[in-house]
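The block underneath contains the structure these notes are about, expressed in structure tokens.
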Amino acid sequence: MTKYVITGATGGLGSRVLKYLLKLVPASDIIVSLYNPSGATQEIKDSGVEIRRGDYGDPASLDQAFAGADKLLIVSHPSMTRELRVQHHKNAIDAAKRAGVKHVYYTSLAFASDSVAFLMQAHLDTERYLKASGLTYTILREGIYSEAYAFYLRFFYPAEDKSEAVIPYSDGGIAWVSREDLGEGTARIMGGFENQTLLLTGSRSITLKEIAAKISSLLGRDLRLVIASEDEYVRVNVGKDGQPSEEFLRTWATTYKALGRSELNVVDPLLQQVLVRELKPFDETLKEAVSFQVQ
Ligand SMILES: NC(=O)c1ccc[n+]([C@@H]2O[C@H](COP(=O)([O-])OP(=O)(O)OC[C@H]3O[C@@H](n4cnc5c(N)ncnc54)[C@H](OP(=O)(O)O)[C@@H]3O)[C@@H](O)[C@H]2O)c1
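Just so you know, we're using UniProt numbering here: the sequence shown kicks off at 1 and counts up by one.
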């Protein structure tokens, strides 16, 4: 019997990994390590898996959460602060070692190994630490969520009366992939793939300009993608949706530098091979999002 521990199971990705892992192994073989066990969803409570508390910021809790695990999925911490994020991931890797975990799976991101994107730096630090840990590992470079398109289009939401999305530096292809497909693929990959770095992407790349055109045709009104200077992008976007600060926007600007280097313009067939079916097309996710947002 192999015991699995899944972190982040209340989140968008981890909840899907759990959903599909439950189709592959008995619930009695699965433990979920939750940051906040009182926030366990009804699906988790009804599934029959064991629930433990595991806070990446509290190593002692991770010792208890990972005890007896053979395979551990570390879902990356949802923070933009590089140092904090890396420290949390190191805490989880160290705890996995202490607990005698046999194989650690880590959810990294699909930017390049020499990425200029700020977002990728914490993942690259973690990848290096995990590889040097001596643990058997699999690094899953998860593709960019199709559901996150509005974030890359600078918070373009169709319900708003907005005709331009302003970005700095460069547009570029992104091999968007749905969180559902990533969740199922990640669950299936937890059967093997020792000491490998895998790239999980959608089956085609689509640029932000192409997405703007798709939204225009869905809405019947014009949306233009404008590539401006970094200062102009900051001026236009600061204070929009969720009130991104200037500091955040300047950090996020590095994402568009990475697009200009085609870092996300890479299609890898692996996910489709693992799922043995077609992936959910980006256009389907976009249609769902646009019709939801204009309701
Ligand atoms: N590929 C992409 O396009 C993309 C996009 C966005 C993010 N990401 C990255 O991928 C990860 C997974 O994505 P997601 O959509 O599942 O994110 P999410 O929905 O924000 O889920 C994050 C999970 O992390 C848990 N968590 C928060 N603080 C923690 C702590 N101190 N210790 C342990 N767990 C903690 C959360 O628990 P609670 O529910 O209790 O807070 C939640 O279960 C994110 O965390 C982020 O690093 C990737």
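Beta carbons are placed, not taken as given, at the ideal position from N, Cα and C, and that holds for glycine.
Cβ pair count under 8 angstroms reaching 3, the region 171-182 against the region 260-278: yes
Helix, strand or coil at PRO168 [DSSP, three-state]: For the purposes of this step, residue 168 is taken as residue 168 along the sequence shown, with counting starting at 1. DSSP places PRO168 in strand when its eight states are reduced to three.
In chain order, each alpha helix (DSSP H) run of at least 4 residues that lies wholly inside the region 174-229: 179-189 and 208-219
Anticipated Cβ contact below 8 angstroms, LEU130 with ILE93, distance rounded: For the purposes of this step, residue 130 is taken as the residue at position 130 of the sequence shown. For the purposes of this step, residue 93 is taken as the residue at position 93 of the sequence shown. Confirmed, Cβ separation roughly 6 angstroms.
Selected residue, minimal CA-CA separation from LEU73, among GLY191, GLU180, MET120 and ALA110: Here residue 73 is taken as the residue at index 73 of the sequence shown, counted from 1. When only C-alpha atoms are compared, the closest one is GLY191.
Neighbourhood of ALA214 by C-beta distance below 7 angstroms, restricted to the same chain and skipping five residues each side: The residue you call residue 214 lines up with position 214 of the sequence shown. Here residue 214 is Lys; the residue named in the question, Ala, does not match the sequence. Contacts found: ASP283 and LEU286.
GLU75: CB within 7 angstroms of a non-hydrogen atom of ligand 1: In the sequence shown, residue 75 corresponds to position 75, counting from 1. Sequence check: residue 75 is Val here, not Glu. Within the cutoff, so yes.
Host beta strand (DSSP E) of LYS23 (start-end): For the purposes of this step, residue 23 is identified with residue 23 of the sequence shown, where counting begins at 1. Looking at the DSSP string, LYS23 is not in any beta strand (DSSP E); the run it does join, the alpha helix (DSSP H), is 12-24.
C-alpha gap between ALA99 and VAL25, whole angstroms: Counted from its first residue, the sequence shown places residue 99 at position 99. Counted from its first residue, the sequence shown places residue 25 at position 25. Their backbone Cα atoms lie some 22 angstroms apart in a straight line.
Cβ neighbour criterion (16 or more within 10 Å) applied to THR126: Within the sequence shown, the letter at position 126 stands for residue 126. Buried, because 16 or more other Cβ atoms sit within 10 Å of the Cβ of THR126.
Beta bridge counterpart(s) of ILE93 as assigned by DSSP: Here the question's residue 93 lines up with position 93 in the sequence shown. Bridge partners of ILE93: none, in fact.
Terminal residues of the alpha helix (DSSP H) in which GLU246 lies: Within the sequence shown, residue 246 is the residue found at index 246, counting from 1. Here the alpha helix (DSSP H) through GLU246 covers 246-260.
HIS88 beta carbon near ligand 1 (any heavy atom closer than 7 angstroms): Taking the first residue of the sequence shown as 1, we reach residue 88 at position 88. It does: the Cβ of HIS88 is within 7 angstroms (strictly closer) of some heavy atom of ligand 1.
Integer-rounded CB distance, given that THR197 should sit under 8 angstroms from GLU142: Position 142 of the sequence shown, counted from the start, is the residue given in the question as residue 142. Position 197 of the sequence shown, counted from the start, is the residue given in the question as residue 197. Rounded, the Cβ-Cβ distance is 12 angstroms, inconsistent with contact.
Helix, strand or coil at SER47 according to DSSP, with G and I counted as helix: What you label residue 47 is simply residue 47 of the sequence shown in a count that begins at 1. Correct three-state label for SER47: helix.
Proximity test, ILE174 beta-carbon vs ligand 1 heavy atom, cut-off 7 angstroms: Numbered from its first residue, the sequence shown carries residue 174 at position 174. Every heavy atom of ligand 1 is 7 angstroms or more from the Cβ of ILE174, so no.
Residue span of the alpha helix (DSSP H) that contains SER61, given as start and end: Here residue 61 is taken as the residue at index 61 of the sequence shown, counted from 1. Per DSSP, SER61 belongs to the alpha helix (DSSP H) from 59-66.
Distance between beta carbons of ARG250 and GLU230, contact taken as under 8 angstroms: Indexing the sequence shown from 1 puts residue 230 at position 230. Indexing the sequence shown from 1 puts residue 250 at position 250. The pair is a contact, with the Cβ atoms about 7 angstroms apart (cut-off 8 angstroms).
Contact belief for GLY183 with LEU62 at Cβ below 8 angstroms, rounded distance in angstroms: In the sequence shown, counting from the first residue as 1, residue 183 sits at position 183. In the sequence shown, counting from the first residue as 1, residue 62 sits at position 62. At roughly 23 angstroms, the Cβ-Cβ gap does not stay under 8 angstroms, so GLY183 and LEU62 are not in contact.
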